[in-house]
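First to last, the sequence lines map onto chains L and E. Just so we're aligned, residue 321 is where the first sequence starts under the numbering used here, counting upward by one. Just so we're aligned, residue 14 is where the second sequence starts under the numbering used here, counting upward by one. Below: the structure, in structure tokens.
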Amino acid sequence: MADSVPGASGAAPGGPASAKATAARPGEVPASAITSAARPEDIPASPNGGPPASRINDLAFKIGTVNGTGSASANGLLRRAIFRMGIPVSGKNLFPSNIQGLPTWYEIRANARGHTARTARFDMVVAMNPATYKRDIEEVATGGWVMHDSSWPLPRGLDRDDVTFLGIPLAKMTVDNFQGSRVRILMKNICYVGALAALLDIDMEIVRGLLKETFAAKAKLLDANYLAIDLGYDYAKKHFDCPLPVRLEPMEGNEDSIVIDGNTAAALGCVYAGATVAAWYPITPSTSLVDAFTAFCHQFRKDPETGKNRFAIIQAEDELAAAGMVIGAAWAGARAFTSTSGAGLSLMSEFIGLAYYAEVPSVFFDVQRVGPSTGMPTRTQQGDIQFAAYASHGDTRHIVIFPANPHECFEMAVEAFDLAERFQTPVFVLTDLDIGMNDWVVPKLEWDDSYRPDRGKVLTAEELEAATGPFHRYLDVDGDGIPWRTLPGVHPKGAYLTRGSGHDRYGNYTEDSEPYADVLARVGRKIDGAAPHLPAPEVRLAEGAKIGLVTIGGCRGAVLEAVDELAERGIAANYMRVRAFPFHPEVEPFLAGNDVNFAVEQNRDGQLRKLLIAETGAAKESLVSILYYGGYPMSCHHVMDGLATHTDIGTSDAAAHPAGAAP
Amino acid sequence: MTYIKKPRIHHPGLTKNRLGLTRRDYEGTMSTLCAGCGHDSITAAIIEAFWELEIAPHEVAKTSGIGCSGKTPTYFLKEAHGFNGVHGRMPSITTGAHAANRDLICIGVSGDGDSLSIGMGQFAHVVRRNVDMLYIIENNGVYGLTKGQFSASADVGSTAKRGQINREHPIDSVLLALNLGAGFVARSFSGDKEQLVPILKAGLRHRGFALIDIISPCVTFNDHRGSTKSYQYTRDNYNQLVYADFVPPAEEIAASYESGDARSVQMHDGSRIAFRKVPEDYDPTDRDAVYTYIRERQRAGEVATGLLYVEEAPEEGEEADFHGIQGTVEEPLAGYPFEGLCPGAEKLERLQGRFR
Numbered sequence: 321m322a323d324s325v326p327g328a329s330g331a332a333p334g335g336p337a338s339a340k341a342t343a344a345r346p347g348e349v350p351a352s353a354i355t356s357a358a359r360p361e362d363i364p365a366s367p368n369g370g371p372p373a374s375r376i377n378d379l380a381f382k383i384g385t386v387n388g389t390g391s392a393s394a395n396g397l398l399r400r401a402i403f404r405m406g407i408p409v410s411g412k413n414l415f416p417s418n419i420q421g422l423p424t425w426y427e428i429r430a431n432a433r434g435h436t437a438r439t440a441r442f443d444m445v446v447a448m449n450p451a452t453y454k455r456d457i458e459e460v461a462t463g464g465w466v467m468h469d470s471s472w473p474l475p476r477g478l479d480r481d482d483v484t485f486l487g488i489p490l491a492k493m494t495v496d497n498f499q500g501s502r503v504r505i506l507m508k509n510i511c512y513v514g515a516l517a518a519l520l521d522i523d524m525e526i527v528r529g530l531l532k533e534t535f536a537a538k539a540k541l542l543d544a545n546y547l548a549i550d551l552g553y554d555y556a557k558k559h560f561d562c563p564l565p566v567r568l569e570p571m572e573g574n575e576d577s578i579v580i581d582g583n584t585a586a587a588l589g590c591v592y593a594g595a596t597v598a599a600w601y602p603i604t605p606s607t608s609l610v611d612a613f614t615a616f617c618h619q620f621r622k623d624p625e626t627g628k629n630r631f632a633i634i635q636a637e638d639e640l641a642a643a644g645m646v647i648g649a650a651w652a653g654a655r656a657f658t659s660t661s662g663a664g665l666s667l668m669s670e671f672i673g674l675a676y677y678a679e680v681p682s683v684f685f686d687v688q689r690v691g692p693s694t695g696m697p698t699r700t701q702q703g704d705i706q707f708a709a710y711a712s713h714g715d716t717r718h719i720v721i722f723p724a725n726p727h728e729c730f731e732m733a734v735e736a737f738d739l740a741e742r743f744q745t746p747v748f749v750l751t752d753l754d755i756g757m758n759d760w761v762v763p764k765l766e767w768d769d770s771y772r773p774d775r776g777k778v779l780t781a782e783e784l785e786a787a788t789g790p791f792h793r794y795l796d797v798d799g800d801g802i803p804w805r806t807l808p809g810v811h812p813k814g815a816y817l818t819r820g821s822g823h824d825r826y827g828n829y830t831e832d833s834e835p836y837a838d839v840l841a842r843v844g845r846k847i848d849g850a851a852p853h854l855p856a857p858e859v860r861l862a863e864g865a866k867i868g869l870v871t872i873g874g875c876r877g878a879v880l881e882a883v884d885e886l887a888e889r890g891i892a893a894n895y896m897r898v899r900a901f902p903f904h905p906e907v908e909p910f911l912a913g914n915d916v917n918f919a920v921e922q923n924r925d926g927q928l929r930k931l932l933i934a935e936t937g938a939a940k941e942s943l944v945s946i947l948y949y950g951g952y953p954m955s956c957h958h959v960m961d962g963l964a965t966h967t968d969i970g971t972s973d974a975a976a977h978p979a980g981a982a983p
Numbered sequence: 014m015t016y017i018k019k020p021r022i023h024h025p026g027l028t029k030n031r032l033g034l035t036r037r038d039y040e041g042t043m044s045t046l047c048a049g050c051g052h053d054s055i056t057a058a059i060i061e062a063f064w065e066l067e068i069a070p071h072e073v074a075k076t077s078g079i080g081c082s083g084k085t086p087t088y089f090l091k092e093a094h095g096f097n098g099v100h101g102r103m104p105s106i107t108t109g110a111h112a113a114n115r116d117l118i119c120i121g122v123s124g125d126g127d128s129l130s131i132g133m134g135q136f137a138h139v140v141r142r143n144v145d146m147l148y149i150i151e152n153n154g155v156y157g158l159t160k161g162q163f164s165a166s167a168d169v170g171s172t173a174k175r176g177q178i179n180r181e182h183p184i185d186s187v188l189l190a191l192n193l194g195a196g197f198v199a200r201s202f203s204g205d206k207e208q209l210v211p212i213l214k215a216g217l218r219h220r221g222f223a224l225i226d227i228i229s230p231c232v233t234f235n236d237h238r239g240s241t242k243s244y245q246y247t248r249d250n251y252n253q254l255v256y257a258d259f260v261p262p263a264e265e266i267a268a269s270y271e272s273g274d275a276r277s278v279q280m281h282d283g284s285r286i287a288f289r290k291v292p293e294d295y296d297p298t299d300r301d302a303v304y305t306y307i308r309e310r311q312r313a314g315e316v317a318t319g320l321l322y323v324e325e326a327p328e329e330g331e332e333a334d335f336h337g338i339q340g341t342v343e344e345p346l347a348g349y350p351f352e353g354l355c356p357g358a359e360k361l362e363r364l365q366g367r368f369r
């Protein structure tokens, strides 16, 4: 296996997989992915050439609509109904940086085995936006279906003879049955939900139940929704052969699961961790984290008697100020955090260096989007890995943790505050737009009521009162590199001056070389010493495996699906997902245990790979990049295609997608 | 001067305040600024104000940015926590500290470069947010540590030490703060301790944002002929517009103030500001009138000083300071019992019904 791997010199950043991506012009979905030469995997026909073979609880479809037409609630309804049927399901919202008018898509993937990473193989497209008819119709797999509004004829030139067109007069039906243009637009969306329920065999009782929950207090709206859903359902039943052979069936896959997005889960983690001060500046895709934190605080943190807030949420004038407020609040003893994206982190890097050097615990959520610069604000990427690891000028090195999904967003949010206070340093939680804003099926969140925050080494008023000698802020009393800290307002003996300028171990200003170097070296030791206390990597070893797939964050689902697919082809692969920086002591032995490791990540430069080379003993040649950075969530086919360019893994139907370029 | 250590033992006869502390107890380490620097006079006035107000030093949080002014929190209140942050960002650090612990008495020391150039955005927004703090601008019109460049407060026509003439319009922090809604706006002079101390005391007791812009000549780079921030120019053009005294809650306003045109303004904690002498028709609580008046004085070439504007304390429940706007609990958020912050397992279980 390993013999067929080309040297990393040719395969590392800018290797074959990523080279193809550069062919796509920025902002465009590369056409190469959807031309007939690169047609998505065919839906298998039955041997006699009749209708396609039946496939249950393994399907994906895509709904193309216009931004601002209220389709989000209809699409969410579909996703929730499938979830309640017990089928693992994900919803990916591909939305524009726009308020109204531009195209937007929602992709739903249901998979009994729990593979809910994004896929590019669509069994069906619901084409509701004439502006994107062409590309939407082109994306349906051979043998699949296109649902469209037949109130008007489809423009010429869109025909495909290898897919089935299902025309439903949605606009006409809603015009005939509802008054007012806004209501008609909204009900048209609900109408296609009804039609899909009939075609895919989605349980109508569940759909009706969800509508009832949503519109419990609005009887008139509920009636309208009931009518719309029936219009679509009945029309499909009457005119098409329902259900389609690719359909859904109730199962019991979700008893202990919830559907949640990462920003909501992270916000909940902040509430549970006891964070009281949040300072932020609005930026996609992190805004909904603070929005959720605000909502949860209003729900859980109001004093029942006075109605006063046990929290302060400050919308700052920019990310610089947001970071400063977090650091000021943490310095004064509150658990404080900010939430931002790469562009904001760039601005914060001045304060990050201060917090590192002055040793102020602080938590930074970076919901990554596509960079550099403004990049693509509504697309996802893992482009801030290296930046977060070493953010700010001078010698800085930070604790960074990488959740893979909303479940980990919740847990790691709590852990981030403990780590920040234990090690008195900024801690970064790196998620991304896909994790933060999309709907994921994850195990239920759990909470242990015996949890108490680890506030780290903070001297109390009593301890200061009892102290016989003077307090020195930066003195390594215990030999672990972590000095003791005091909070303002507690005791006169705890006073010291925090500064970003040179200081010695006693907290005094210095420009002398030895006392300065002494403190900087000790801070370095402190961060080194944190590694074993950070989240250990997720490792899955396979019998006889000689290759390793190494990944990070939200690539988890796609990589695990690839591991399964490889196993089906008789290829054993070990799997490791790095969960923290500095790297946990288990990371290096894993790398050493494989002939070659493929580092799968979503950026151009192979940032995880570079960090692994720089920070572990792994040889450069033993790490090969598999990269996708086009802005959509990573799919299994990106991994398989990347592997195929380096190794002999056999042919794949999915391999038709150029890894860097496929949408 | 750094090598000169202050003696630890005080003279036994030093006057003590009701906390049993002498003025020496409110000092910090030895100043490393130039001899004659206006900033050192301001430090002395700050020490006097805290001592007179009988504030326990450890209840104070001192913050600053970068520049000569940024160094000064080291020179007063050695028993208070201090934070000498990054350039122009003192307001955000103070905002965070005040958000976390509303019991802290916050004093921020900044300079004209720190507040009106690199930190202009943060300065404007800390005013808007009405953070409960005393904000001091030690205003010398020049960058000292980098050897004499003009700052944004340098007047048109004023000259640098090496002869260049400034032709860019100055930013006036007092007019700016009035414009942005500050509830306490003063201008003073480092050379007038008699005026400065009562203003500092009133500023510390004001609930909400209080600005004191203090002309503080730079003896090394901006004390020459042609400078409009020199000792000589300031003294020549000084107009003590408003005479105001700070009267603590328990004390009576002296009879002489009660007569004639004197008036007093009630403060939040029950103390009052007694205006001894103000120009005819000058109302220190009328923002628009004050703004216009200061502009007129400036056009006449005067440096108008004093507690120029103060807002009357709002009614109970109408507080529009930072925590009033935030609606936060009375107790500091830092150290709030965890049990009152974490909703617990049962609520998490119930909440998750929403995610199914």
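Built from N, CA and C at the ideal position, the CB exists for glycine as well.
Buried or exposed (CB count within 10 angstroms, at least 16 for buried), residue i
i: E/Gly26; result: exposed
i: L/Ser833; result: exposed
i: E/Gln279; result: exposed
i: L/Glu921; result: buried
i: L/Asp561; result: exposed
i: L/Gly500; result: exposed
Spatial distance of residue i from residue j (CA atoms)
i: L/Asp752; j: L/Thr700; result: 6 Å
i: E/Asp205; j: L/Pro692; result: 53 Å
i: E/Gln365; j: L/Leu765; result: 8 Å
i: L/Ile402; j: L/Asp576; result: 15 Å
i: E/Leu354; j: L/Asn629; result: 10 Å
i: L/Ser470; j: L/Gly487; result: 5 Å
i: L/Glu670; j: L/Val483; result: 55 Å
i: E/Met43; j: E/Ile178; result: 35 Å
i: E/Gly101; j: E/Ser82; result: 11 Å
i: L/Asp638; j: E/Gly283; result: 37 Å
Residue-level contact to chain E via CB, residue i, 8 Å cutoff
i: L/Tyr592; result: yes
i: L/Asn758; result: no
i: L/Ala675; result: no
i: L/Met645; result: yes
Partner residues on chain B for residue i, Cβ-Cβ distance less than 7 Å
i: E/Tyr349; result: Annotation note: the requested chain B is absent from the structure, which comprises protein chains L and E.
Member of the options whose CA lies at the smallest distance from the CA of residue i
i: E/Pro356; options: L/Tyr592, L/Ile705, L/Pro909; result: L/Tyr592
i: L/Arg480; options: L/Asp469, L/Ala432, L/Ala461; result: L/Ala461
i: L/Ala548; options: L/Ser606, L/Pro489, L/Val859, L/Met571; result: L/Pro489
i: L/Ala893; options: L/Pro902, L/Gly877, L/Ala862; result: L/Ala862
i: L/Asp754; options: L/Arg404, L/Tyr826, L/Asp523, L/Cys729; result: L/Cys729
i: L/Ala887; options: L/Gly873, L/Met960, L/Trp651; result: L/Met960
Cut-off 6 Å between Cβ atoms - residues of its own chain near residue i, not counting five sequence neighbours on either side
i: L/Ala599; result: Ile634, Ala636, Ala642, Met645, Val646, Thr658
CB contact below 8 Å: residue i versus chain L
i: E/Phe96; result: yes
i: E/Arg369; result: yes
i: E/Thr172; result: no
i: E/Asp116; result: yes
i: E/Gln253; result: no
Cβ neighbours of residue i in the same chain (closer than 7 Å, five flanking residues each side left out)
i: E/Asn250; result: Gly314, Glu315, Val316
The ligand FMN heavy atom lying under 7 Å from the CB of residue i
i: L/Met960; result: The model on display carries no ligand, and the ligand FMN is accordingly not part of it.
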